[in-house]
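Enquirer:
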Amino acid sequence: MFKHCICALSLLLVSSVAFSQQNNSKKKAKNIILMIGDGMGTAQIFAGLTANKGTLHLERFPVSGFHKSQSADGFVTDSGAGATAFSIGKKTYNGAIGVDATKVAFPTILEISERNKLATGMVVSCAITHATPASFIAHQPSRGMQEEIAVDFLQTDIDVFIGGGRKYFNRRKDGRDLTDSLRARNYQVLDTLTDIIKVSSGKLAGFIADGEPPKVSEGRGDQLLQSTHTALKLLQQNKKGFFLMVEGSQIDWGGHANDIDYATTEMIDFDKAIGAALDFAAKDGNTLVIVTGDHETGGLSLTGGDIKAGKVEAKFTTKGHTAVMIPVFAYGPGAEAFGGIYENNTIFDKMMKAFRFK
Ligand code: MG
Ligand code: ZN
């Protein structure tokens, strides 16, 4: 009798787990938060975890997989081709922004979300015109065209964007002041984090730096976390849902500099924003959170360390990017699709499916 009871109980448990998983994959995502750690491979994650004395919010994700980051013309990708694979679902050449390998523009997941009446936003710790955010809103043949990329921000009705790069909007070779154009389109154009976090409704263009924002270790503070909170506060007011891209932009720069402290402090900073996104998703119940990197930077290896002391010994093998597979973490409706190994551009297809976009 006792034995039977256990059997019945375990059957019940198995079927309820199976049911909830099935339920989750059948459920549409109302909101998607895509979080990109630029230059974030497994070594950067574990270096951050070690420096943070053994914990990261990243460990809270139920589903993980890997993507293959190769671009259309490189075994090793750059951030333009890497982000464009996510944003338009096509492998392209290194340096491309929102265009395919033949330089044809395709709509990005952010633009498609906008057309489907969702709210949209981007939060980054670099210039908002830099390759990763640019790939979600601009269509240009080259990532260096930051003034042209800034103009593209006026072609899409994005609701919230927060990052650096003000000078590409208001100190331009063509003399135009795009911050005036933004104001004419009802954006609140703000220059300090203190003012940005006070915004409680409407459209927001937040410029936290003229060019590139400082390192977190040199005074950026908790800009990424606070900006993520602000974006979520504004975007969730749209009853149809939202798409938000958050980038931990400078993990990559720590890799390029072969500076392990730079890479780990930026990793931990990004992880704080991940925690905020997960807390929002757990409460909301209809939000898919995806965290990945575009590529690894520095060929980082961890040769020693001490988790209790938060100490990492590291060796870099290059000043550039590398080709290794990049981890992907997912939580919420549609998360199961992110298990396994797949090409980076299929992340676009998985997001489209989660949103039920055609
Ligand atoms: Mg980037
Ligand atoms: Zn890079």
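Under our numbering, the sequence shown has 255 at position 254, and the numbering climbs by one with no breaks.
Quick reminder that beta carbons are idealized off the backbone N, C-alpha and C, glycines included.
Can you list the alpha helix (DSSP H) stretches of 4 or more residues lying completely in the segment 34-60, in chain order?
Expert: 43-52
Enquirer: Do the segment 245-254 and the segment 269-279 touch if we need at least three Cβ pairs shorter than 8 Å?
Expert: Taking a contact to require three or more Cβ pairs closer than 8 Å, the segment 245-254 and the segment 269-279 qualify as touching.
Enquirer: Hey, how far is the Cα of G49 from the Cα of K309?
Expert: As a working mapping, residue 49 is identified with position 48 in the sequence shown. As a working mapping, residue 309 is identified with position 308 in the sequence shown. Going by the C-alpha atoms only, they are around 13 Å apart.
Enquirer: L13 by DSSP, collapsed to three states: which one?
Expert: The residue labelled residue 13 in the question sits at position 12 within the sequence shown. Residue placement at L13 cannot be trusted, given a pLDDT of 47 that sits under 50; what the coordinates show is reported in the next sentence. If DSSP states are grouped into helix, strand and coil, L13 belongs with the helices.
Enquirer: Suppose the cutoff is 6 Å on Cβ atoms and the five residues either side in sequence are ignored; what does the same chain contact list for Q23 look like?
Expert: Taking the first residue of the sequence shown as position 1, residue 23 is located at position 22. Its pLDDT being 48, under 50, Q23 is placed unreliably by the model, and nothing is read from it.
Enquirer: Going by the CB atoms, is the gap between A30 and T288 shorter than 8 Å?
Expert: Here residue 288 is taken as the residue at index 287 of the sequence shown, counted from 1. Here residue 30 is taken as the residue at index 29 of the sequence shown, counted from 1. Contact flag set, yes.
Enquirer: So, for A120: in the same chain, excluding its five sequence neighbours on each side, which residues have a beta-carbon less than 6 Å away from its beta-carbon?
Expert: Against the sequence shown, residue 120 aligns to sequence position 119. Same-chain partners within the cutoff: D160, L236, N239, F243.
Enquirer: Does the Cβ-Cβ distance between G99 and S88 come in under 8 Å?
Expert: Sequence index remark: in the sequence shown, residue 99 carries index 98 (1-based). Sequence index remark: in the sequence shown, residue 88 carries index 87 (1-based). Yes, they are a contact pair.
Enquirer: Name the DSSP bridge partner or partners of H140?
Expert: Walking along the sequence shown from the start, residue 140 turns up at place 139. Paired residues: none, contrary to the question.
Enquirer: Between the segment 197-205 and the segment 66-79, can you find at least three pairs of beta-carbon atoms closer than 8 Å?
Expert: no
Enquirer: Out of K359, D101, T298, S136, state which residue places its alpha-carbon closest to the alpha-carbon of L111.
Expert: As a position in the sequence shown, residue 111 is number 110, starting the count at 1. Measuring from the Cα of L111, the nearest candidate turns out to be S136.
Enquirer: Return the bridge partner residues of L245 from the DSSP annotation.
Expert: Along the sequence shown, read from residue 1 onward, the residue named residue 245 stands at position 244. Paired residue(s): I34, G122.
Enquirer: Three or more beta-carbon pairs under 8 Å between the segment 60-71 and the segment 309-321, yes or no?
Expert: With a cut-off of 8 Å, the segment 309-321 and the segment 60-71 do not count as touching, because too few Cβ pairs lie within range.
Enquirer: Is D272 buried or exposed, if buried means 16 or more other CB atoms sit within 10 Å of its CB?
Expert: Residue mapping note: residue 272 aligns to position 271 of the sequence shown, counting from 1. D272 is buried by the Cβ-count criterion.
Enquirer: Output the boundary residues of the alpha helix (DSSP H) element that contains D74.
Expert: The residue you call residue 74 lines up with position 73 of the sequence shown. If you look at D74, you'll find it isn't in any alpha helix (DSSP H); DSSP assigns it neither H nor E.
Enquirer: Is the beta carbon of E337 within less than 7 Å of some heavy atom of the ligand MG?
Expert: By one-based count along the sequence shown, residue 337 stands at place 336. False, no ligand heavy atom lies under 7 Å from that Cβ.
Enquirer: Looking at the ligand SAH, does it come within less than 7 Å of E213, judged from the CB to the closest heavy atom?
Expert: Ligands in the displayed structure: the ligand MG and the ligand ZN; the ligand SAH is not one of them.
Enquirer: Return the first residue and the last residue of the beta strand (DSSP E) that G164 is part of.
Expert: The residue given as residue 164 occupies position 163 in the sequence shown. 161-165 is the span of the beta strand (DSSP E), which, as asked, contains G164.
Enquirer: Cβ of R173 within 8 Å of Cβ of E149?
Expert: Here residue 173 refers to the residue found at position 172 of the sequence shown. Here residue 149 refers to the residue found at position 148 of the sequence shown. Cβ atoms of R173 and E149: not closer than 8 Å.
Enquirer: Is it true that the segment 45-59 meets the segment 343-356, where meeting means three or more beta-carbon pairs spaced less than 8 Å apart?
Expert: no
Enquirer: Whose C-beta lies closer than 6 Å to the C-beta of N32 among residues of the same chain, with five residues either side of it excluded?
Expert: To locate residue 32, count along the sequence shown from 1; it is residue 31. Excluding residues up to 5 positions away in sequence, G242, F243, T288 lie with their Cβ nearer than 6 Å to the Cβ of N32 in the same chain.
Enquirer: Kindly indicate which three-state DSSP category Q224 falls into: helix, strand or coil?
Expert: For this step, residue 224 is matched to residue 223 along the sequence shown. In this structure, Q224 counts as helix in the three-state DSSP scheme.
Enquirer: Contact between the segment 193-200 and the segment 222-234 is defined here as three or more beta-carbon pairs at a separation below 8 Å; is this criterion met?
Expert: yes
Enquirer: Pick out the complete alpha helix (DSSP H) segments inside the segment 186-226, 4 residues or longer, and give them in chain order.
Expert: 194-197
Enquirer: Kindly examine the ligand ZN and report whether one of its heavy atoms sits closer than 7 Å to the Cβ of G40.
Expert: Along the sequence shown, one-based indexing puts residue 40 at 39. Within the cutoff, so yes.
Enquirer: I want to check one thing, is the minimum distance from the CB of S126 to the heavy atoms of the ligand MG below 7 Å?
Expert: In the sequence shown, residue 126 corresponds to position 125, counting from 1. For the ligand MG, not one heavy atom lies less than 7 Å from the Cβ of S126.
Enquirer: Determine the contact status of G300 and G40, defining contact as a CB-CB distance below 8 Å.
Expert: In the sequence shown, the residue the question calls residue 300 occupies position 299. In the sequence shown, the residue the question calls residue 40 occupies position 39. No.
Enquirer: Among A282, S72, L233, whose alpha-carbon lies nearest the alpha-carbon of Y94?
Expert: Position 93 of the sequence shown, counted from the start, is the residue given in the question as residue 94. For Y94, the nearest C-alpha among the options comes from S72.
Enquirer: Given this structure, state the Cα-to-Cα distance separating Y343 from P334, to the nearest angstrom.
Expert: On the sequence shown, residue 343 is found 342 positions in, with the first residue counted as 1. On the sequence shown, residue 334 is found 333 positions in, with the first residue counted as 1. In a straight line, the C-alpha of Y343 is about 19 Å away from that of P334.
Enquirer: So, with DSSP's three-state summary, where would you put H296?
Expert: For the purposes of this step, residue 296 is taken as residue 295 along the sequence shown, with counting starting at 1. Coil at H296, not helix or strand.
Enquirer: List the DSSP bridge partners of K1.
Expert: Given a span of 2 to 359 for the chain in the structure shown, any question on residue 1 remains unanswerable.
Enquirer: Assuming G341 is part of the beta strand (DSSP E), what are its boundary residues?
Expert: Within the sequence shown, numbered from 1, the residue matching residue 341 stands at position 340. Element bounds for G341: 341-344.
Enquirer: To the nearest angstrom, how far is it from the Cα of A97 to the Cα of P108?
Expert: Start at 1 with the first residue of the sequence shown, and residue 97 comes out as number 96. Start at 1 with the first residue of the sequence shown, and residue 108 comes out as number 107. Straight-line spacing of the CA atoms in A97 and P108 works out to 14 Å.
Enquirer: Going by C-alpha distance, which of T298, N187, V217 is nearest M326?
Expert: Taking the first residue of the sequence shown as 1, we reach residue 326 at position 325. Looking at the Cα atoms, T298 is the closest of the given residues.
Enquirer: So for G66, helix, strand or coil by DSSP?
Expert: Translated into positions along the sequence shown, residue 66 becomes position 65. Three-state DSSP puts G66 in a strand.
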